[in-house]
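For what it's worth, this note's numbering labels the leading residue of the sequence shown as 411, then goes sequentially.
Note that CB positions come from ideal geometry on N, CA and C, so glycine has one too.
Just so you know, these numbers come straight off a predicted model, no measurement behind them.
One structure below.
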Amino acid sequence: MSVKTIIEPQTTIPVYDECDVLVVGGGAAGHSAAVAAARAGCKNVILMERYGYCGGDVTGGFVLYVPNLSFYNMTYVRGIQEEWFTRLKKIPGAVSGPGPELAGSRSKNLMRNHPGATTRVKPEMLCHSFNVEPNQLKIEMDIMLNELSDSIRVMYHSWGCKPIMEGNVCKGVYFESKEGRKAVLAKIVIDATGDADICRLSGAPTTSSLDEQCRCGSTALVYRIGGFSLREYREWRRVNPELAKELTDGVAKIHGFRAMLGGGPTDDVSISPNWQPKMDCSTVADSTKTEMGTRLKIREVLDWYKECCPIIFHDAYLYDIAPQLGTRGSHRIVGEYIIDKNDWAFPKQHDDCIAWHCTVETLNDNAPIEIPYRSILTQKVDNLLAPGRHISADKIAIDNVNLIPQCVGTGQAAGVAAAVAVATGATTHTVDIKRVQDILAGEQDVPLPRNPHTPQEYTDCLVEHEYGLYTEPAKAAIAAGEAGAYRHWSITKGSGDPNKKPADTPHQ
Ligand SMILES: Cc1cc2nc3c(=O)[nH]c(=O)nc-3n(C[C@H](O)[C@H](O)[C@H](O)COP(=O)(O)OP(=O)(O)OC[C@H]3O[C@@H](n4cnc5c(N)ncnc54)[C@H](O)[C@@H]3O)c2cc1C
């Protein structure tokens, strides 16, 4: 890359708007943050998004699977995440998957019908999880914003590019659009860009997983294939394992990276998620390579499916290509708390818990862990929060806490925290976290540990099932007093190789 530089002349920037809470990025986290802030009473919220719709990776990147919302029969992740499900259920073809009433079921029949929603740990059971139709979710997210139009102003096609700083306090954001460079001033800024775009330039410490060979250092351009039955294809793979391997190897050879076929809300249209290792979505070069490199091979891949398995794919066709590349991670904050393996190996209790996260981690048999407010709180900079996939977590834990439910949950909590901070004249570091928890648990349907608004049966379920920590590796870790036996799939199951997908993870 060129190191030649020029000096941009100093210019006067018009202030486009002013607000109490500015959310930059309208993905799972940012959309939830804006909605939650407005519902918590903030009347002056702006949601700024570089594209023309909300949902980010989910709607624009075709990441359609919302996994593991429950443990045994209890749904620990509710709030806005559950609202996606209940709202979309009313729309034909918009969502599929077992609802909360089926969580914990051990019916063999149901588990066969919902293979992706069956836990990969003992005892096997169904968990509440679902697939969404991305266009329907885009519409529903707009509806949710529209319902709050007295409190939220939406700015699509606006790219937040730099924080406005006064000392160590964030005061707003410069953004670029077809109207040129302008500024939005805000009392609290929520960076929900997923790549810590605003945090990175604020002086708050950040890190990245780009140098790591883990899932979070990979990009994807997901496309959908129609005209065949995924159910029949899966059965064909089960009966013909060798041919199935040949098929998958052939796809990887053509693409140059691993790709698979996965489910959407209906059987006749499948997504093809892929893993393009060592790709940095925050660079122009890697983003371009991801987009063009994938598209240039799709026809060849489709031909290969037809050639290798005509009985299933004879009528298959390219249904559509995700409008944006997806990434599982890039830059993330080093916040006031860093989530790491000990959060799974021990039933940690955080006084500032803002969400239970039912993870796909096997060490504690998919039991929920507590996400602390400090993990979305930037160090060194005030009035800047960072929910979503750039949450503060170590290079292993991030692969678990970047999932959609956690992004929605931390986004919702960030919105409420920002609203409370504004209403009480506090900062993000001094906000009354008990008040935040009470609003989340009491008014916004988010169960929280040790909160009087949350029924005791949530805690009872965890205690009864030993927080999932009855696995042999977990017992060994506890006996050793440390989490040495941490069994994260991308490290032990996938040997750190993003081209290998372990058999026991439902998410992609
Ligand atoms: C291929 C793939 C498969 C995955 N599989 C699963 C799975 O099966 N289940 C699961 O739960 N998770 C999965 N994940 C992870 C999950 O989808 C993401 O981590 C999660 O959706 C991220 O949500 P977010 O809101 O934090 O970030 P994003 O979805 O990235 O949202 C960020 C938003 O901010 C906008 N934005 C970015 N920069 C700016 C800026 N500077 N100014 C204005 N707007 C900006 C973006 O356009 C976007 O709308 C997968 C991810 C990928 C890519």
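Q) So, is Arg705 buried or exposed, given that buried needs 16 or more other C-beta atoms within 10 angstroms? A) exposed
(Q) Taking 7 Å as the limit between beta carbons, can you name the residues of its chain near Ile562, skipping five residues before and five after? (A) Ala444, Ala448, Val455, Leu457 and Leu555
Q.
Nearest by alpha-carbon distance to Lys592: which of Gly570, Asn810 and Glu492 is it?
A. Gly570
(Q) By alpha-carbon positions, which one of Thr421, Ile598, Pro510 and Val744 ends up nearest to Gln789? (A) Val744
Q: Mind checking who Ile635 pairs with in its DSSP beta bridge?
A: Ser680 and Leu728
Q: Determine the extent of the alpha helix (DSSP H) in which Cys768 is found, giving its start and end residues.
A: Per DSSP, Cys768 belongs to no alpha helix (DSSP H); it is in the beta strand (DSSP E), Cys763 to Cys768.
Q | Coarse secondary structure for Thr902, derived from DSSP in three states | A | Any reading at Thr902 must be qualified, since the residue scores a pLDDT of 30, below 50, and its modelled position is unreliable; the value itself is stated next. Thr902 falls in the helix class under three-state DSSP.
Q. Is Cys429 helix, strand or coil when you go by DSSP?
A. strand
(Q) Using only CA atoms, which one of Tyr633, Thr617 and Gly637 lies nearest to Ala669? (A) Tyr633
(Q) If contact is defined by three or more beta carbon pairs under 8 Å, each pair taking one atom from either stretch, is the stretch 470–488 in contact with the stretch 861–877? (A) yes
Q. For the stretch 811–825 against the stretch 465–479, are there 3 or more C-beta pairs whose distance is under 8 Å?
A. yes
Q) What is the DSSP secondary structure of Asp804, reduced to helix, strand or coil? A) coil
Q. Taking 7 Å as the cut-off, is the CB of Asp607 close to at least one heavy atom of ligand 1?
A. yes
Q: Tell me Ser741's beta-bridge partners as DSSP assigns them.
A: The sequence as given places His at residue 741; Ser does not occur at that position. DSSP lists Ser618 as partners of His741.
Q) If you draw a straight line from the C-alpha of Gln847 to the C-alpha of Arg497, how long is it? A) 24 Å
(Q) Between the stretch 427–441 and the stretch 526–542, can you find at least three pairs of beta-carbon atoms closer than 8 Å? (A) no
Q. Which residues in the same chain have their Cβ closer than 6 Å to the Cβ of Ser680, if we skip the five residues on either side of it in sequence?
A. Ile635, Leu640 and Leu671
Q: State the DSSP-derived secondary structure class of Asp605, mapped to helix, strand or coil.
A: coil
(Q) Quick check: the Cα distance between Ile801 and Gln686, rounded to an integer number of angstroms? (A) 22 Å
Q: Give every residue of the same chain whose Cβ lies closer than 6 Å to the Cβ of Gln759, excluding the five residues on either side of it in the sequence, and list them in chain order.
A: none
(Q) I'd like to confirm something about Trp569: is its beta-carbon nearer than 7 Å to some heavy atom of ligand 1, or not? (A) yes
Q) Three or more beta-carbon pairs under 8 Å between the stretch 506–522 and the stretch 472–482, yes or no? A) yes
Q) Gly437 bridges to which residues according to DSSP? A) Gly465
Q | Cβ-based burial, Ile501 [other Cβ within 10 Å; buried from 16] | A | exposed
Q) If you draw a straight line from the C-alpha of Ala831 to the C-alpha of Leu595, how long is it? A) 16 Å
Q) CA-CA distance, Ser905 and Cys691? A) Unreliable positioning characterises Ser905 in this predicted model, as indicated by a pLDDT of 29, which lies under 50. The coordinate reading is nonetheless provided below. Each residue's alpha carbon lies about 23 Å from the other.
Q: Measure the C-alpha to C-alpha separation of Ile553 and Gly660 and round it to an integer number of angstroms.
A: 42 Å
Q. Is Leu432 near ligand 1, going by C-beta to nearest heavy atom under 7 Å?
A. no
Q. Exposed or buried, what is Asp713 when buried is set at 16 or more other beta-carbons lying within 10 Å of its beta-carbon?
A. exposed
Q. Any idea which residues DSSP pairs Val455 with across the strands?
A. Val431 and Ile562
Q: Identify which residue in Asp678, His567 and Gln734 has its Cα closest to the Cα of Phe723.
A: Asp678
Q) When every heavy atom of ligand 1 is checked, does at least one fall within less than 7 Å of the C-beta of Glu459? A) yes
Q. Counting only runs that start and end within the stretch 528–555, where is the beta strand (DSSP E) found for 3 or more residues in a row?
A. 540–542
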